[in-house]
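*Asks:*
In my numbering, the protein residues as written are 5 to 92.
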């Protein structure tokens, strides 16, 4: 369905890309992380804060996240926002 040219089969997709910090450095400035749950099934748990999507009523959604191990998830609070770190 994703590559169909038949209008009856079209699917609308929303993109959850925008983070509060903004900017165009998607590799280094993306705060949202994806922790692998089951590598064989390609499933992940998302942690972070996105505040805009291009289509809230879409049939499917895509998002941008960095894949990390579970240790980095501790850097996020319950609201999904990255915890502030204090300098030593």
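Virtual Cβ for every residue (Gly too), placed ideally from N, Cα, C.
Being a predicted model, the structure only gives us computed values, none of them experimental.
Quick check: what's the CA-CA separation for residue 56 versus residue 37?
*Replies:* One C-alpha to the other measures close to 17 Å.
*Asks:* Could you tell me which of 20, 11, 12 sits nearest to residue 64, measuring between CA atoms?
*Replies:* When each option's Cα is compared against that of residue 64, the closest is 20.
*Asks:* May I ask you to list the residues that DSSP assigns as paired with residue 48?
*Replies:* In DSSP, residue 48 forms a bridge with 40.
*Asks:* What do you reckon, are the CB atoms on residue 17 and residue 50 nearer than 9 Å?
*Replies:* Result no, Cβ atoms of residue 17 and residue 50 do not sit closer than 9 Å.
*Asks:* Rounded to whole angstroms, what is the Cα-Cα separation between residue 15 and residue 73?
*Replies:* Spanning the two alpha carbons is a distance of roughly 32 Å.
*Asks:* Can you check whether the C-beta of residue 21 is within less than 9 Å of a C-beta belonging to chain B?
*Replies:* In the structure shown, chain B cannot be found, because there is only a single protein chain.
*Asks:* Kindly indicate which three-state DSSP category residue 74 falls into: helix, strand or coil?
*Replies:* Note: residue 74 maps to helix in three-state DSSP.
*Asks:* So the candidates are 43, 8, 24, 40; which of them puts its Cα closest to the Cα of residue 53?
*Replies:* The shortest Cα separation from residue 53 among 43, 8, 24, 40 belongs to 24.
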